[in-house]
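From first to last, the protein sequence lines are chains A and B.
Take the first sequence: its letter number 174 is residue 1012 in our numbering, and every next letter is one higher.
Take the second sequence: its letter number 171 is residue 162 in our numbering, and every next letter is one higher.
Heads up, the thing below is written out as structure tokens.
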Amino acid sequence: MNKTSWFNVVSLTLGFAFLYIPMIILIIFSFNESKLVTVWAGFSTKWYGELMQNEAFLNAAWVTIRVAVFSSTLATVLGTMAAYVMVRGGRFRGRTLFSGMIYAPLVMPEVITGLSLLLLFIGIGLDRGVLTIVLAHTTFSMCYVSVVVSSRLVTFDRSLEEAALDLGCSPAQAFRLVTLPIIAPAVISGWLLAFTLSLDDLVIASFTTGPSATTLPIKIFSAVRLGVSPEINALSTIMIAIVTFGVITTSLVTKHQMVRQKREEQEAVRS
Amino acid sequence: MRRFLLIAPPYAWLLLLFLTPFAIVVKISLSDIALAIPPYVPKFSWDEGIWAYLNQLDFENFIFLTQDNLYWKAYLSSFKIAAISTALTLLVGYPIAYGMTRVPSEWRPTLMMLVILPFWTSFLIRVYAWMGILSNEGYLNQLLLWTGIIDTPLTILNTNTAVYIGIVYTYLPFMILPIYSALERLDDSLIEAAEDLGCSRLTAFWLVTIPLSKTGIIAGCFLVFIPALGEFVIPSLLGGSNSLMIGKVLWEEFFSNRDWPVASAVAVILLLLLVIPIVLFQRNQQNQQEADQ
């Protein structure tokens, strides 16, 4: 039966065109010679060159990467712990409050999270800068990490851990030798998610930063408010390229791993 | 003891950096604005005790919000914009999700990746991409003028239309994915049975496919509606001065007017408004989980 009717072909084509044409236009016009972004005046890479000489953007990029590395690593540790507690922890006092605090940041409007964290930082007299952005980003991204990791923990067979304990592992060894390798892909994708969330965040960073630390989204936002510029197009193209490369690589790697895992399982069954 | 060591760090972190900040927001929303640093007068001091504090609470920031038309309008128009764009996202997203389940299965992972890829790309950049398209001398107007469909450029940027387009575009993956996963589990033989029993294809779609993908539709709608309600970036880049949204009002109240007590009161009300859809969303997810088991 031919299930792909013309209607589905049209809706898929239009749908994916809608998703991708804006970004393709952005990429094309980053190679535009003219300063006027809406008029094509010939191919040129000069905006990339100017971007590389723009101190402010480079500094902002460096701040953003530092914040993202620290906050996503911290968020991965805390989020994995939280997921483990939620799935394997059994009952403990305050569990409902805990799971509420894990899920609430996922649906919280960024303006509220940003405002409330800023008021806290002022209240305890913490100087605003890289540290406060890291604290803020860790708080909301650890919840995303915990959701990703706990969905993996729920599906995997608990008897594997129990077997390791029966064979004389300490709980810490069982976690390190059995649990962690199995949930590792989820932990890694949790880290990647936390990293991207931190790279992208404008609102929470704007609230919690001080004059000493400007992140790339804050810089882009203030430039973009004045209108479209070819330099921002060039910067966007670089960011889109990095993300595309990252997503395709990780999906190929996970696919490869899944194939290998399946083959190993089959060999184990045969022998 | 070991368990305590595992629970304590994330628990303490969230108590300190998630719950305490909210308590502070509520407290400041009940304070008075002042020309000071920080710019508000706390109405609470330990010497007088908690009863003295509770006795003299006047909720004046909240009363102010009900009296000033701006805030009413902002809440209403955020609600309207979020609702309309959720409906539009559903109209655009459903056919895409449906189409994805109707292509040969070896294509599906690729299409899936194409849906997810924009989600990993910076939100700010995706909104920015539309500024060049929708402006008066933008690519859309150039195209329409060139093809002769219109004679004078359309004004789209800085209107609510641009905000709708922006929300539909950026939140589309959130609508497609839950609907796709609901449709993918749907058993094709049900539709064939309906057709055998005399339904036309359209009636079968309406009576079988739509009801069976209901949980996906509801999940997708909430995933778009809830964040759209508090949206800041889209109305401030694509909307004009008269596209009022509460996220933008809160931002301006805080950064431009430096009125922290009113900004906090705006946040408290927004949060109360969000409680209803969030609870409904969670109930929908729970129902789905129970149905799966």
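Glycine is no exception: its CB is placed at the ideal position from the N, C-alpha and C atoms.
Item                                                                                                                                         : Value
Partner residues on chain A for residue 286 of chain B, Cβ-Cβ distance less than 8 Å                                                         : Residue coverage of chain B in this structure runs from -8 to 284, which leaves residue 286 of chain B outside it and unanswerable.
Three or more C-beta pairs below 8 Å linking the segment 1030 to 1045 of chain A and the segment 943 to 953 of chain A                       : yes
Cβ shell of residue 69 of chain B (< 6 Å), same chain only, five flanking positions each side left out                                       : 220, 236, 237
Residue 921 of chain A beta carbon less than 8 Å from that of residue 1037 of chain A                                                        : no
Euclidean distance between Cα positions of residue 1094 of chain A and residue 993 of chain A                                                : 21 Å
Nearest-angstrom Cβ-Cβ length linking residue 958 of chain A and residue 12 of chain B, presumed shorter than 8 Å                            : 4 Å
Neighbour-count burial assignment, residue 57 of chain B, 16 or more Cβ in a 10 Å radius                                                     : exposed
Residues near residue 164 of chain B in its chain [Cβ-Cβ closer than 8 Å; skip 5 each side]                                                  : 106, 107, 109, 110
Pairwise C-alpha distance: residue 100 of chain B and residue 960 of chain A                                                                 : 47 Å
Chain A residues whose Cβ lies nearer than 8 Å to that of residue 133 of chain B                                                             : 876
Within 8 Å, strictly: CB atoms of residue 1027 of chain A and residue 979 of chain A                                                         : no
Cβ of residue 1062 of chain A within 8 Å of any chain B Cβ                                                                                   : yes
Burial state of residue 845 of chain A (16 or more Cβ within 10 Å)                                                                           : exposed
Classification of residue 115 of chain B by the beta-carbon crowding that lies within 10 angstroms, buried from 16 upward                    : buried
Within chain A, the residues that residue 83 of chain B reaches when beta carbons sit closer than 8 Å                                        : 853, 856
Boundaries (first-last residue) of the alpha helix (DSSP H) holding residue 994 of chain A                                                   : Careful: residue 994 of chain A lies outside any alpha helix (DSSP H) and carries neither H nor E.
Nearest neighbour of residue 229 of chain B, chosen from B/155, B/18, B/207 [CA to CA]                                                       : B/155
Cβ of residue 881 of chain A within 8 Å of any chain B Cβ                                                                                    : no
Residue range of the unbroken alpha helix (DSSP H) whose run includes residue 283 of chain B                                                 : 251 to 283
Buried versus exposed call for residue 117 of chain B [16 or more other C-beta atoms within 10 Å across all chains shown]                    : buried
C-beta neighbour in chain B for residue 922 of chain A, strict 8 Å                                                                           : yes
Cβ pair count under 8 Å reaching 3, the segment 1057 to 1069 of chain A against the segment 881 to 901 of chain A                            : yes
Cβ neighbours of residue 898 of chain A in the same chain (closer than 8 Å, five flanking residues each side left out)                       : 1052, 1053, 1054, 1056, 1057
Residue span of the alpha helix (DSSP H) that contains residue 1102 of chain A, given as start and end                                       : 1068 to 1108
Contact belief for residue 272 of chain B with residue 77 of chain B at Cβ below 8 Å, rounded distance in angstroms                          : The Cβ separation is near 12 Å, so there is no contact.
Alpha-carbon to alpha-carbon, residue 991 of chain A and residue 1098 of chain A                                                             : 21 Å
Beta carbon proximity, residue 927 of chain A to chain B, threshold 8 Å                                                                      : yes
Euclidean distance between Cα positions of residue 870 of chain A and residue 968 of chain A                                                 : 35 Å
Expected contact under 8 Å - CB spacing of residue 0 of chain B and residue 953 of chain A to nearest Å                                      : That pair is no contact at about 25 Å.
Beta-carbon contacts of residue 840 of chain A that lie in its chain and below 8 Å, excluding the five residues immediately before and after : Residue placement at residue 840 of chain A cannot be trusted, given a pLDDT of 47 that sits under 50; what the coordinates show is reported in the next sentence. If we look at residue 840 of chain A and ignore the five residues flanking it on each side, it has no Cβ neighbours.
Any C-beta of chain B under 8 Å from that of residue 1096 of chain A                                                                         : no
Residue 955 of chain A: contacting residues in chain E (beta-carbon distance under 8 Å)                                                      : No chain E is part of this structure, whose protein chains are labelled A and B.
Contact belief for residue 125 of chain B with residue 102 of chain B at Cβ below 8 Å, rounded distance in angstroms                         : Actually they are not in contact, since the Cβ atoms of residue 125 of chain B and residue 102 of chain B sit about 27 Å apart, beyond 8 Å.
When B/280, B/-2, B/143 are compared against residue 935 of chain A, the one with the closest alpha-carbon                                   : B/-2
The segment 104 to 118 of chain B: positions lying closer than 8 Å to chain A by Cβ                                                          : 104, 105, 106, 107, 108, 109, 111, 112, 113, 114, 115, 116, 117
Pair within 8 Å by beta-carbon distance, residue 876 of chain A and residue 130 of chain B                                                   : yes
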